[in-house]
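According to this note's numbering, the sequence shown holds residues 115 to 463 in order.
This report concerns only the one structure given below.
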Amino acid sequence: MRTQQRFQILVLNTLALGLLLNAQPSLADELTITTTAIPQTYTLDATIEALNAGTISAQTNGVIKAIYGDVNQAVTEGVLLVEIDNIQQKAAVAQAEASLAQAKALNDDAQATLTRNTRLHKQGTLSKGEYDRALAQAKSAAANVQAVSAVLAQAHAQLSYTQVTAPYAGVVTERFVEVGELVSQGQPLMSGYQPSAMRAVVNLPQYLASQYTSESSLDLTINGATYSPTETTLFPFADPQVHSVRLRATLPSGAATKVIPGQWIKVTMTTGTREGIALPAKAVMRRGELTAVYVHTNDRVFLRQVRLGNTFVRDNQTWHEVLSGLHTGDRVNTNALEQLANIAAEQGE
């Protein structure tokens with residue numbers, strides 16, 4: 115603790131007095147400042163949303179018999195969530211089955227009559243009118259079987275709708291009904307989302323949307339880690355209210371499980387490069403609000419305050435853009451902490 119305080123005092127004194135160190139401390143690696151290509155980046159806020167999210171609604175009428183899912187509960191695909199009383203639906207199935215049996219019996223009789231009348235008509239013992247009447251009745255009976263079969267299929271569907279299941283594996287976010295409530299077709303029952311598939315949504319100002327191309331890159335910062343999206347979609351139109359353009363970025367599977375819908379994250383968009391001055395992060399001395407670097411001039415060391423811009427990674431090393439305080443040709447120490455330690459040693463600290 116005491117050593118750290120001495121270092122801070124030394125740094126502040128050096129900056130305040132513009133101190134030249136007449137001694138020649140052992141120098142760490144030195145970097146001669148030149149212009150370099152700096153990524154043209156923009157950092158924006160993005161909102162997380164699920165690719166698959168929605169509300170399950172009742173597809174039949176009835177009274178809620180049981181509820182098996184609740185808010186914040188993880189469910190698997192196909193698991194039963196809500197059960198609706200099925201007395202009416204079972205009765206409808208039984209009625210449709212009876213109607214189908216009757217229709218099939220009538221159809222069998224009509225088809226047998228047609229077969230017999232066809233034979234008699236060919237023998238010339240049955241009039242054309244009687245034959246046509248038998249043919250029409252046979253066709254009507256067959257069509258009636260098909261119609262009643264459709265009614266039975268619909269009744270079975272209504273019966274299946276009394277068992278409300280999860281369409282995919284996900285998490286329940288809202289529940290809108292209680293046991294004993296009467297629900298009707300179309301009434302919401304539960305809402306949820308699939309946590310394994312997420313995306314970030316960012317609204318780009320028009321000037322940024324015009325710079326976004328297939329060559330642009332996106333970095334998604336989540337809990338300090340950086341991820342690249344697996345897919346991006348730029349909307350082909352601007353929002354008429356706020357005049358921004360929406361950009362969607364699908365998160366990789368490893369990042370999707372680390373976020374929740376509605377969460378804010380940072381999105382960094384790189385649209386190209388520009389010429390400027392940059393330094394390795396280790397070259398920068400930070401103490402409180404002080405941001406400075408060690409500059410070597412005529413075998414002496416100055417601590418010079420700088421103003422930093424964007425941060426980027428190059429060759430697995432973090433770099434800072436320098437907006438002011440340095441010029442091309444300046445010689446800068448690339449390890450500020452090591453230089454500070456050398457100065458302290460030289461001064462007997």
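We treat Cβ as the ideally placed atom computed from N, Cα and C, and that holds for glycine.
- Here residue 263 is not near residue 318, since their CB atoms are 7 Å or more apart.
- The Cβ atoms of residue 311 and residue 165 sit closer than 7 Å to each other.
- Here residue 364 really is in contact with residue 344; their C-beta atoms are around 5 Å apart, less than 8 Å.
- In terms of CA proximity to residue 429, 395 leads the group 375, 160, 321, 395.
- Sequence-distant Cβ neighbours of residue 206 in its own chain, meaning closer than 7 Å and more than five residues away, are 269, 272.
- Counting only residues of its own chain and dropping the five nearest sequence neighbours on each side, residue 224 has a CB closer than 8 Å to the CB of 248, 251, 252, 254, 255, 256.
- Pairing residue 163 with residue 401, the inter-Cα distance amounts to about 39 Å.
- DSSP places residue 228 inside the alpha helix (DSSP H), whose first and last residues are 201-237.
- Taken in chain order, the unbroken stretches of alpha helix (DSSP H) that lie wholly in the region 346-385 and span 4 residues or more are 367-370.
- Counting along the chain, residue 191 sits inside no alpha helix (DSSP H), nor does DSSP assign it H or E at all.
- When DSSP states are grouped into helix, strand and coil, residue 325 belongs to the coil group.
- Residue pairing by DSSP places residue 334 opposite 341, 381 in a beta bridge.
- The beta-carbon distance between residue 392 and residue 441, rounded to whole angstroms, is 13 Å. This is too long to meet the 8 Å contact definition.
- Counting only the Cα atoms, residue 349 lies some 37 Å from residue 291.
- Here the alpha carbon of residue 191 sits roughly 41 Å from the alpha carbon of residue 320.
- In the same chain as residue 347, and ignoring 5 residues on each side of it, the C-beta atoms closer than 6 Å to its own belong to 362, in chain order.
- Within the same chain, Cβ atoms closer than 6 Å to the Cβ of residue 235 are found at 245, the five residues on either side in sequence being excluded.
- It is roughly 33 Å from the alpha-carbon of residue 370 to the alpha-carbon of residue 274.
- When the five nearest sequence neighbours on each side are left out, the beta carbons in the same chain lying within less than 6 Å of the beta carbon of residue 432 are those of 395, in order along the chain.
- For residue 438, the enclosing beta strand (DSSP E) covers residues 431-438.
- Its chain contains 406, 450 as the residues whose beta carbon lies nearer than 6 Å to that of residue 399, once the 5 sequence neighbours on both sides are disregarded; these appear in chain order.
- Annotation: residue 175 is outside any beta strand (DSSP E) and is labelled neither H nor E by DSSP.
- Note: residue 392 is bridge-paired with 435 in the DSSP secondary-structure output.
- The beta carbons of residue 181 and residue 196 sit closer together than 7 Å.
- Residue 159 places its beta carbon 7 Å or farther from that of residue 179.
- Linking residue 427 to residue 153 through their CA atoms gives a straight-line distance of about 9 Å.
- At least 7 Å separates the beta-carbon of residue 177 from that of residue 303.
- Out of 412, 417, 332, 313, the CA that lies nearest to the CA of residue 367 is found in 313.
- In the DSSP assignment, residue 441 falls outside any alpha helix (DSSP H) and carries neither an H nor an E.
- Spanning the alpha carbons of residue 187 and residue 266 requires a straight line of approximately 36 Å.
- Bounds of the alpha helix (DSSP H) holding residue 272 are 242-274.
- Excluding residues up to 5 positions away in sequence, 160, 161, 163, 360, 362 lie with their Cβ nearer than 7 Å to the Cβ of residue 315 in the same chain.
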